[in-house]
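In what follows, a structure is listed as structure tokens, so that the remarks can point back to it.
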Amino acid sequence: MKTGIYYFSGAGNTECIAKIMAEIFKIKGYSVFRKRITNTSLQTIQQEYDILVTGFPVYFRRAPLMVQDFINRQAGHNRKFFTFCTKGLYSGNAAREIQILAKERSFKCSGHLEFLMPGSDALALMAKKNSLTEKIFKSIHSRNIRKQIEDFVKSIDNNAAAAAVNEIKAKWYTPFDNGIIKPLERYFTNNHQIFVNRFEASQSSCNLCRHCVHNCPNANIAISDNRVLFGSNCSVCLRCLHQCPQEAIEIRNKTENNVKYHPAMTKDLSVNFS
Ligand SMILES: Cc1cc2nc3c(=O)[nH]c(=O)nc-3n(C[C@H](O)[C@H](O)[C@H](O)COP(=O)(O)O)c2cc1C
Ligand code: SF4
Ligand code: SF4
């Protein structure tokens, strides 16, 4: 059976899970291909899979728009569809929204996994390097991640012929979230819009390696006159900021001296993955 694992990832949490998942599927004898969803890869999506697995990080209680766009380009033809997401704290109805979309595209939705991972937003915006806050934020993550994935893949094996659709239920506290928390959040942060025009690369640290240019899922970064330039097509995934090898990228007056994070560098997490 051919499994396609498509995922979106900013800092790398979802990417880490996608890699482990691909490895486990392969061990179980599946043929697997794994691809990151970017605005470039969206143009060349391969649809020859028997099982589609879609992974995404939760941003503002939703899946990134690009993931929704990805599903909308698929034709399910009654094939199996699984999702997984990574979250810092609370995923709202993100998984349900994606499942509804997949059903509309004629997929047979069969399962969802959710992992608590260090918040890439909280680390960048709130945690000074080497602080207690950094330690605390990095320690917040699901345990036995590998085991959970193994059990999940096993359940697909056992369930190979089953047609049952496991509906992801709406959470009972969503009206409270929508009615009170979200407006409050918007009032204080205007969601991510306030950050979009504040990305910059320090000219003294940046060595113009172009990593950020190739790495941005939205192709929102360019280099001109030896300067890194950020456009406004930014989903604030923070990939550029966390993955710049020189740690040269900041959100002006927000992230200076704060943590630049990658899950593979988080000792506690890599143990958890093994
Ligand atoms: C812009 C932004 C918004 C986020 N919003 C949420 C959220 O609403 N709920 C939540 O639980 N985590 C939220 N997070 C945390 C991420 O979901 C979490 O760190 C995730 O594992 C990141 O995955 P990635 O490294 O693959 O991008 C947010 C992170 C970012 C960067
Ligand atoms: S990844 Fe960092 S060092 Fe490389 S070009 Fe971008 S900002 Fe400069
Ligand atoms: S410019 Fe925006 S969309 Fe691109 S990597 Fe940076 S945060 Fe993500």
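Using my numbering, read the sequence shown as starting at -18 and increasing by one per residue.
Beta carbons are placed, not taken as given, at the ideal position from N, Cα and C, and that holds for glycine.
Query	Result
Compute the minimum distance between the beta carbon of lysine 68 and the heavy atoms of ligand 1, and state whether it is under 6 Å.	yes
Give, in chain order, every unbroken run of the alpha helix (DSSP H) that is at least 4 residues long and sits entirely within the segment 49 to 105.	75 to 85
Considering only residues of the same chain and omitting the five flanking positions on each side of threonine 114, which have a CB-CB separation below 6 Å?	Ala108
Assuming the contact rule is C-beta atoms closer than 8 Å, valine 262 and alanine 105 should be a hit. Round their C-beta distance to whole Å, please.	For the chain, the structure presents residues -18 to 255; residue 262 sits outside this window and is missing.
Mind checking glutamate -4: buried by the 16 CB within 10 Å criterion, or exposed?	buried
Can you tell me the Cα-Cα spacing of valine 13 and isoleucine 202, whole angstroms?	31 Å
Using DSSP bridges, identify the partner residues of threonine -16.	Val13, Ile32
Using DSSP bridges, identify the partner residues of glutamate 181.	Glu231
How long is the line joining the alpha carbons of asparagine 207 and lysine 110, rounded to whole angstroms?	28 Å
What's the C-alpha gap between cysteine 193 and cysteine 221?	5 Å
What residues are listed by DSSP as bridge partners for isoleucine 202?	Phe211
With DSSP run on the structure shown, which of helix, strand or coil describes asparagine 239?	strand
What I want to know is whether the C-beta of cysteine 259 ends up closer than 6 Å to one or more non-hydrogen atoms of ligand 3.	In the structure as shown, the chain starts at -18 and stops at 255, and residue 259 therefore has no counterpart that could be examined.
Consult DSSP for alanine 144 and reduce its assignment to one of helix, strand or coil.	Note that alanine 144 scores 46 on pLDDT, short of 50, meaning its location in the model is unreliable and no value can be drawn from it.
Can you tell which of Pro226, Lys84, Ile8 has the C-alpha that lies nearest to the C-alpha of arginine 127?	Ile8
For lysine 235 and histidine 223, what's the separation of their Cα atoms in angstroms?	14 Å
Quick one: Cα of histidine 122 to Cα of alanine 75, how far?	19 Å
Less than 7 Å between the C-beta atoms of isoleucine 81 and phenylalanine 51, yes or no?	no
Is the distance from the Cβ of threonine 64 to the Cβ of methionine 98 below 7 Å?	no
Return yes when the Cβ of glutamine 227 is within less than 7 Å of the Cβ of asparagine 188, no when it is not.	yes
Grab me the residues of lysine 84's own chain with a C-beta within less than 7 Å of its C-beta, minus the 5 sequence neighbours each way, in chain order.	Cys90
Going by Cα to Cα distance, which pick from Thr35, Asn59, Lys61 is closest to glutamine 49?	Thr35
Which residue from Asn125, Leu94, Cys197 puts its Cα closest to that of isoleucine 149?	Leu94
Out of Ile117, Thr155, Ile130, Gly92, which has the shortest C-alpha to C-alpha gap to alanine 3?	Ile130
Using the rule of at least 16 other Cβ atoms within 10 Å of the residue's Cβ for burial, across every protein chain shown, is alanine 56 buried or exposed?	exposed
Beta carbon of asparagine 178: closer than 6 Å to some heavy atom of ligand 1?	no
Tell me which residue opens and which closes the alpha helix (DSSP H) that cysteine -3 is part of.	-6 to 8
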